[in-house]
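Asks:
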Amino acid sequence: MSFVTDSPIHSSSSDDFAALLDAELEVGSSGSSPDEQDDEDEEADVDANNNDDDDDDNDDDLDSRRNKRCRTEKLEDLEEPEGSTSQGLIEEKIEVSLKEDICTHPGSFGQMCILCGQRLDDESGVTFGYIHKGLRLGNDEIIRLRSTDMKNLLRHKKLYLVLDLDHTLLNSTQLMHLTPEEEYLKGQSDSLHDVSKGSLFMLDFMHMMTKLRPFVHAFLKEASEMFEMYIYTMGDRPYALEMAKLLDPKREYFSGRVISRDDGTQKHQKGLDVVLGQESAVVILDDTENAWMKHKDNLILMERYHFFALSCHQFGYNCKSLSQLKNDESESDGALASVLKVLRQIHHIFFDELDSNLASRDVRQVLKTVRKEVLKGCKIVFSRVFPTKFQADSHLLWKMAEHLGASCSTETDSSVTHVVSTDSGTEKSRWAVKEKKLLVHPRWIEAANFLWQKQPEENFPVSQAKNQ
Amino acid sequence: MFFHIVLERNMQLHPRHFGRNLRENLVSKLMKDVEGTCSGRHGFVVAITGIENIGKGLIRDGTGFVTFPVKYQCVVFRPFKGEILEAAVTMVNKMGFFAEAGPVQIFVSNHLIPDDMEFQSGDMPNYTTSDGSVKIQKDSEVRLKIIGTRVDATEIFCIGTIKDDFLGVINDPTTA
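Residue numbers (this note's numbering), protein chains in the order written: chain A, 13 to 480; chain B, 41 to 216.
(1) Counting beta carbon pairs with one atom in the segment 423-437 of chain A and one in the segment 460-468 of chain A, are three or more of them shorter than 8 Å?
(2) Please give the ranges of any beta strand (DSSP E) in the segment 367-405 of chain A, keeping only runs that are unbroken, at least 3 residues long and fully inside the region.
(3) Going along chain B, which residues have a C-beta under 7 Å from Glu-264/A?
(4) For Pro-46/A and Ile-154/A, I'd like the C-alpha separation in whole angstroms.
(5) For Ile-358/A and Arg-190/B, I'd like the C-alpha separation in whole angstroms.
(6) Starting from Met-218/A, follow the beta strand (DSSP E) in both directions and report where the run begins and ends.
(7) Do we get a CB-CB distance below 7 Å when we pair His-54/B with the residues of chain A?
(8) Less than 7 Å between CB atoms is the rule here; does Gln-144/A satisfy it with respect to chain B?
(9) So, using beta-carbon positions, are Ile-143/A and Gly-268/A closer together than 7 Å?
(10) Would you kindly work out how many angstroms separate the C-alpha atoms of Ser-350/A and Cys-78/B, rounded to a whole number?
(11) In three-state DSSP terms, what is Ile-358/A?
(12) Which residue wins for smallest C-alpha separation from Leu-207/B, given the options Val-132/B, Arg-100/B and Val-148/B?
(13) Measure the CB-CB distance between Val-287/A and Tyr-251/A and report whether it falls below 7 Å.
(14) When DSSP labels each residue in this structure, what does Leu-197/A get in the three-state scheme?
(15) Following the continuous beta strand (DSSP E) through Lys-14/B, name the residue where it begins and the one where it ends.
(16) Taking Cβ-Cβ distances shorter than 9 Å, what residues in chain B pair up with Cys-128/A?
(17) In the DSSP assignment, find the alpha helix (DSSP H) that holds Ala-230/A and state where it starts and stops.
(18) Given this structure, state the Cα-to-Cα distance separating Lys-111/A from Ser-173/B, to the nearest angstrom.
(19) What does Asn-164/A reach in chain B if we use C-beta pairs closer than 7 Å?
(20) Just the chain B side, please: which residues come within less than 9 Å of Met-246/A by C-beta, in chain order?
(21) Pull up the CB-CB distance for Ile-176/B and Asn-166/B, whole angstroms please, since I reckon it's below 8 Å.
(22) Run through DSSP, which three-state label would Leu-416/A get?
(23) Is there contact here, the segment 193-213 of chain A with the segment 284-299 of chain A, by at least three beta-carbon pairs under 8 Å?
(24) CB-CB under 8 Å to Phe-363/A, same chain, minus the five flanking residues each way: which ones, in chain order?
(25) Ignore the nearest five residues each way along the sequence and tell me which others in Val-209/B's own chain have a CB closer than 6 Å to its CB.
(26) Just how far apart, CA to CA, sit Lys-121/B and Val-110/B?
(27) Report the CB separation of Glu-315/A from Pro-226/A in whole angstroms; it is logged as a contact under 8 Å.
(28) Can you say whether Leu-408/A is buried or exposed, counting buried as having 16 or more other CB atoms within 10 angstroms of its CB?
(29) Inspect the beta-carbon positions of Lys-223/A and Asn-164/A and report whether they are closer than 7 Å.
(30) Tell me the residue span of the beta strand (DSSP E) that contains Thr-201/B.
Okay, structure coming up:
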């Protein structure tokens with residue numbers, strides 16, 4: 013073939029082939045063949061892993077132009093063996109055949125492999141319908157994406173934050189369930205044209221009304237600087253997208269990361285399998301612990317936001333809701349403000365205080381440590397809190413207190429600091445008063461759990477239980 | 041690729057449309073039914089350009105509907121494997137980017153984006169070369185090659201690549 017001999021760079025074809033094979037097998041560019049130094053610019057084409065691009069830019073252009081000319085002339089001769097074709101074409105042929113032989117099918121779009129285009133009908137991997145309809149990724153690809161994304165995020169000093177919607181960031185109710193006392197809200201709703209300042213929205217087309225939790229705008233703005241945020245709700249996709257529009261009209265906090273129950277892999281359960289982030293760097297904010305059975309260590313439990321009467325009823329509370337009382341949670345002192353402080357603390361500890369190398373840090377460990385500081389130093393005895401014959405140390409409150417750093421016991425002694433009771437007339441309660449120990453209602457422990465701070469004991473007095 | 045072909049379809053018409061405007065009614069019903077639909081064989085029907093022939097109507101037994109076999113010319117769009125297309129980027133993320141060429145949704149995975157382009161997250165996620173000279177972001181125009189297609193009732197899905205010569209960004213929306 014004439015043009016091969018005409019081309020000064022390409023020496024005899026066997027040397028080209030040796031150089032090509034070496035590069036493909038990634039033996040290394042230096043020292044593997046005496047011709048390597050002369051043929052330095054060939055390597056710029058050969059392997060993408062080679063980082064000599066800066067040196068080879070000029071040669072690169074020349075060479076690639078030459079290769080392109082070779083390729084356009086060579087269209088008919090694709091079947092020719094390596095000896096008579098130019099080096100660039102050999103490289104492309106081998107790369108293509110390697111790809112087809114060992115395509116790992118990292119994922120599929122519309123049931124076609126995203127790498128080779130082959131039709132795929134298998135059901136392995138996870139569907140990522142919330143990113144784009146028809147997208148599905150295999151497990152290996154998900155692992156690979158998670159680790160590259162992790163490196164990227166750690167460089168920007170960010171972690172992942174998964175946020176629940178209902179009762180955590182907002183409270184929604186259907187219009188037909190509004191009580192007469194709540195009718196006044198219809199006149200007070202904020203405009204849908206500029207949602208960044210508003211908090212109460214009437215969504216006629218969905219027959220519902222939504223109230224955003226106080227402080228939510230500031231919360232999202234500040235959290236977005238420390239975390240890459242996801243919405244994960246048990247509502248359906250249209251609902252999730254509408255709420256995302258209210259919370260994030262400029263699409264700067266969540267962009268496409270809105271996961272609804274239609275995207276989850278399991279019914280009635282939320283999972284981190286559809287979140288493209290390493291589990292060791294995800295913090296979850298949700299009001300329902302049971303939705304995250306497999307990821308309780310990543311979860312920060314939020315106190316439920318009940319604005320509408322319907323919400324109170326659904327959870328069995330007989331009291332009046334915030335809307336009926338014409339009241340609302342405190343903006344500067346409410347649940348979102350407190351949890352933001354905790355998130356800042358966790359972020360600070362993760363990035364500034366942990367000694368180990370960045371890749372091996374685990375936000376779950378940080379969560380545990382921070383939690384254990386809340387009731388550190390307290391020793392608690394319970395009285396009339398657990399049903400008789402109940403295994404005390406498996407009770408929710410016992411475990412909650414232990415997670416918060418307190419130690420619990422069934423017997424009173426001098427090291428006890430707190431007696432938690434529902435009745436001030438019990439033996440242990442009276443002992444507490446006599447020994448000048450702190451006597452508190454169980455809600456003191458729950459408050460510490462939600463507010464991540466030991467609350468003043470005098471706010472949780474215990475009254476005498478009324479006898480029948 | 042676009043094609044101008046002749047297709048045939050049996051149209052059913054309710055008797056209330058009979059009368060002077062029978063033909064117009066038939067043609068407008070045909071347009072409403074067919075334009076914008078997809079089929080595996082022909083692809084996406086973009087527009088009907090003319091009616092070639094309308095056959096004799098047959099009254100269906102049991103109902104008063106009449107079936108007319110209609111032959112019509114139309115422009116169809118069907119992507120093929122190996123075809124080179126220009127498309128507008130609609131979404132960029134860490135897995136690759138999604139682009140649209142008319143009704144066709146194309147996904148280019150990051151495996152098929154040249155290795156010197158890296159994903160940059162942020163307000164406007166994009167893929168950029170290390171020297172910043174080439175950028176792919178939302179609303180960029182790219183030339184890509186189709187490596188797989190799949191058609192269902194209303195949509196056509198394609199897998200594309202820009203890893204070959206002469207493929208990639210045509211028009212950067214931030215410059216020009």
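Yeah, the Cβ is synthetic: ideal placement off N, Cα and C, and Gly gets one too.
Replies: For this structure:
(1) At 8 Å Cβ cutoff, the stretches do not touch.
(2) Assignment of beta strand (DSSP E) within the segment 367-405 of chain A, counting only whole runs of 3 or more residues, yields 391-395 in chain order.
(3) Simply Asp-163.
(4) At Pro-46/A, the pLDDT of 42 sits below 50, so the modelled position is not reliable; the number obtained from the coordinates is stated separately. For the pair Pro-46/A and Ile-154/A, the Cα-to-Cα distance works out to about 42 Å.
(5) Ile-358/A and Arg-190/B: Cα-Cα distance of roughly 47 Å.
(6) Met-218/A: not part of any beta strand (DSSP E); DSSP gives it neither H nor E.
(7) Interface residue (Cβ-Cβ distance to chain A less than 7 Å): His-54/B is not classified as such.
(8) One point to set straight first is that residue 144/A is His, not Gln, in the sequence displayed. Interface residue, yes.
(9) Taking 7 Å as the Cβ cut-off, Ile-143/A and Gly-268/A qualify as a contacting pair.
(10) Here the alpha carbon of Ser-350/A sits roughly 54 Å from the alpha carbon of Cys-78/B.
(11) In this structure, Ile-358/A counts as helix in the three-state DSSP scheme.
(12) Shortest Cα-Cα distance from Leu-207/B to any of Val-132/B, Arg-100/B and Val-148/B involves Val-148/B.
(13) Using a Cβ distance threshold of 7 Å, Val-287/A and Tyr-251/A do not count as a contacting pair.
(14) Assignment of Leu-197/A by DSSP, reduced to helix, strand and coil, places it in the helix class.
(15) The question about residue 14/B has no answer, for chain B in this structure spans 41 to 216.
(16) Listed along the chain, the chain B residues whose CB falls inside 9 Å of the CB of Cys-128/A are Ile-187, Gly-188 and Ile-199.
(17) Taken as a continuous stretch (DSSP letters only), the alpha helix (DSSP H) holding Ala-230/A covers 228-238.
(18) Low local confidence applies: a pLDDT of 48 at Lys-111/A is under 50, so the model's placement there is unreliable, and no value is given.
(19) Neighbours of Asn-164/A on chain B, chain order: Ser-161.
(20) Chain order gives no chain B residues near Met-246/A, where near means a beta carbon separation below 9 Å; the closest approach is about 24 Å.
(21) Confirmed, Cβ separation roughly 6 Å.
(22) Of the three classes helix, strand and coil, the one that applies to Leu-416/A here is coil, per DSSP.
(23) Contact fails: fewer than three Cβ-Cβ distances are below 8 Å.
(24) So the list reads Lys-169, once near-sequence residues are dropped.
(25) Closer than 6 Å at the Cβ level, and outside the excluded window around Val-209/B, lie Val-174, Ile-176, Ser-180 and Val-182.
(26) Going by the C-alpha atoms only, they are around 31 Å apart.
(27) Going by Cβ atoms, the distance from Glu-315/A to Pro-226/A rounds to 13 Å, so no, they are not a contact pair.
(28) So Leu-408/A counts as exposed.
(29) It is not a contact, given that the beta carbons lie outside the stated cut-off.
(30) Bounds of the beta strand (DSSP E) holding Thr-201/B are 196-201.
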